[in-house]
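Chemist:
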Amino acid sequence: MLEFFRWQPDNKHFYFKGISLALYITCVVISFFAVILIWIFKNPIHIWYNSKSIHLGTLSSKSLKILIGSITIVFMSMRSLILWFAKYPNIYEIIPFHLCRLMLLFTALSLVFNKVNLIKYFGPIAIIGCIIALLLPSFDFVPATKPQKIGIDSVYYYDYILCHCFLLIITSMLLATHRIQIKAKDLLITTIFFICLALIMFNINLVTYIYAPKGWQTNYLYLGKDEVNSQSNLFGVLSKWPWNLFTWTILGLIFYSIFVAIWIVQDKVQIDFMNRKMSISVKKSDRWIEFKNCQHVNNIQNK
0 MLEFFRWQPD
10 NKHFYFKGIS
20 LALYITCVVI
30 SFFAVILIWI
40 FKNPIHIWYN
50 SKSIHLGTLS
60 SKSLKILIGS
70 ITIVFMSMRS
80 LILWFAKYPN
90 IYEIIPFHLC
100 RLMLLFTALS
110 LVFNKVNLIK
120 YFGPIAIIGC
130 IIALLLPSFD
140 FVPATKPQKI
150 GIDSVYYYDY
160 ILCHCFLLII
170 TSMLLATHRI
180 QIKAKDLLIT
190 TIFFICLALI
200 MFNINLVTYI
210 YAPKGWQTNY
220 LYLGKDEVNS
230 QSNLFGVLSK
240 WPWNLFTWTI
250 LGLIFYSIFV
260 AIWIVQDKVQ
270 IDFMNRKMSI
280 SVKKSDRWIE
290 FKNCQHVNNI
300 QNK
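Going by numbering that gives the first Met the number 0, the sequence shown wraps up at 302, each residue one higher than the last.
Structural data, given as structure tokens:
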């Protein structure tokens, strides 16, 4: 196998410093800046997207979403194949059930099946997870010495950047192009969904730890046993098994609630372009009306 696809750091020349760190920071800054621009100009972007019946010259909105979702799934499948043939140490990762990988799969499936509205249940968690992952990068398969021996000569370096930057941007763009309603009941649905998801992953991790060989002892959602969990010392005893189940679930729900609060408040500021001039106004939050009254107040139809 080409050295570029090997996970072993022995013959690598670049560390996570210098040009590798500079490129990483550049990609992260560009992604964050893109998300900020998406949120600032969400209204013009929404109007522009929904006023077009054809995208990229030949594709309808539905076809465009199917194309993006399908390409995403293809790339995720290619990653799994690379992990398999490279005999990746954490081979269980060929099944994309880690948080951001799972959110990326959910996003891709919602695009393929044209169910973008479902993103309200996992999109906020995806955005928060990507922000944390990009600010605190983790490469568990190489020695934890600083700096880690991973850089521009490793496919896993680019995979980490592409996965998290793409998920961050595509989720933000979908929330801008589609008027997603987040109602009070959606908080309850999201809470139940992620508690069930956490319980499922927690039990998968436990069963594989007891019965599976090394490499297949899973650590999905960082809810695995301490021996296989790279984040077991993050919050002291609170991040150790089995308390990590409660800690991560509660933190996830807190972050989701904070996101919804920001989602409601940011809608008060509206930026529009009329006659090539930008106007900024402060208004009542339509998202707040939708949240408390379960009433859709925007009359622009999503495509």
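Just so it is clear, CB atoms sit at the ideal spot from N, CA and C, and this is done for glycine as well.
Only a predicted model underlies this, so the values are computations on that prediction, with no experimental measurement involved.
Starting from Lys282 and walking both ways along the alpha helix (DSSP H), at which residues does that stretch end?
Modeler: Premise fails: Lys282 is in no alpha helix (DSSP H) and is neither H nor E.
Chemist: Cα separation between Ile149 and Lys267?
Modeler: Take the alpha-carbon of Ile149 and the one of Lys267: they are about 43 Å apart.
Chemist: Given a cut-off of 8 Å, decide if Met102 and Ile124 are closer than it, judged by their beta-carbon atoms.
Modeler: Judged by their CB atoms, Ile124 and Met102 are nearer to each other than the 8 Å cut-off.
Chemist: When we look at the beta-carbon of Trp262 and count the other beta-carbons within 10 Å, is it buried (16 or more) or exposed?
Modeler: buried
Chemist: Per DSSP, what kind of secondary structure is Leu161 in: helix, strand or coil?
Modeler: helix
Chemist: Compute the distance between the beta-carbons of Gly251 and Phe290, then report whether it is under 8 Å.
Modeler: A distance of 8 Å or more separates the beta carbons of Gly251 and Phe290.
Chemist: Counting Cβ pairs, one atom from each stretch, are 3 or more of them under 8 Å apart for the segment 152–165 and the segment 215–230?
Modeler: no
Chemist: Can Ile203 and Thr170 be called in contact, C-beta distance under 8 Å?
Modeler: no
Chemist: Around the Cβ of Ser59, are there at least 16 other Cβ atoms within 10 angstroms (buried) or fewer (exposed)?
Modeler: exposed
Chemist: Using 8 Å as the threshold, is the C-beta distance between Ile65 and Val111 below it?
Modeler: yes
Chemist: Less than 8 Å between the beta carbons of Thr207 and Tyr120, yes or no?
Modeler: Not closer than 8 Å, so no.
Chemist: Between His97 and Gly128, what straight-line distance do the alpha-carbon atoms span, to the nearest angstrom?
Modeler: 11 Å
Chemist: Determine the DSSP secondary structure at Gln269, reduced to helix, strand or coil.
Modeler: strand
Chemist: Taking CB distances under 8 Å as the criterion, tell me whether Pro43 reaches chain D.
Modeler: In summary, chain D is missing from the structure at hand, where a single protein chain is found.
Chemist: Do Asn232 and Tyr221 have their beta-carbon atoms positioned less than 8 Å apart in this structure?
Modeler: No; because the gap between Cβ atoms is not below 8 Å, this pair is not in contact.
Chemist: For a minimum of 4 consecutive residues, which ranges assigned as the alpha helix (DSSP H) are wholly contained in the segment 87–115?
Modeler: 98–111
Chemist: What are the start and end residues of each continuous beta strand (DSSP E) run of 3 or more residues lying completely inside the segment 227–252, in chain order?
Modeler: none
Chemist: Give the straight-line distance between the Cα atoms of Ala175 and Tyr210, rounded to the nearest whole angstrom.
Modeler: Cα-Cα distance, rounded: 45 Å.
Chemist: Just the C-alpha distance for Asn298 and Ile44, rounded to the nearest angstrom, thanks.
Modeler: Only weak support exists for where Asn298 lies, its pLDDT of 46 falling under 50; the coordinates are left without a value.
Chemist: If we call anything under 8 Å between Cβ atoms a contact, is Phe40 one with Ile270?
Modeler: Yes, they are a contact pair.
Chemist: Rounded C-beta distance between Asp225 and Lys239? I'm assuming under 8 Å.
Modeler: 5 Å
Chemist: Report the residue from Ile249, Leu166, Tyr87 and Trp6 whose alpha carbon sits nearest the alpha carbon of Phe31.
Modeler: Leu166
Chemist: So, under 8 Å CB-CB, His177 and Leu133 are touching, yes? Tell me the CB distance rounded to an integer number of Å.
Modeler: That belief does not hold up - the Cβ atoms of His177 and Leu133 are roughly 24 Å apart, past 8 Å.
Chemist: Assign Lys61 to one of three DSSP states: helix, strand, or coil.
Modeler: Residue state, collapsed to three classes: helix.
Chemist: Classify His45 as helix, strand or coil using the three-state DSSP reduction.
Modeler: helix
Chemist: Exposed or buried, Trp242, counting other C-beta atoms within 10 Å across all chains shown (16 or more means buried)?
Modeler: exposed
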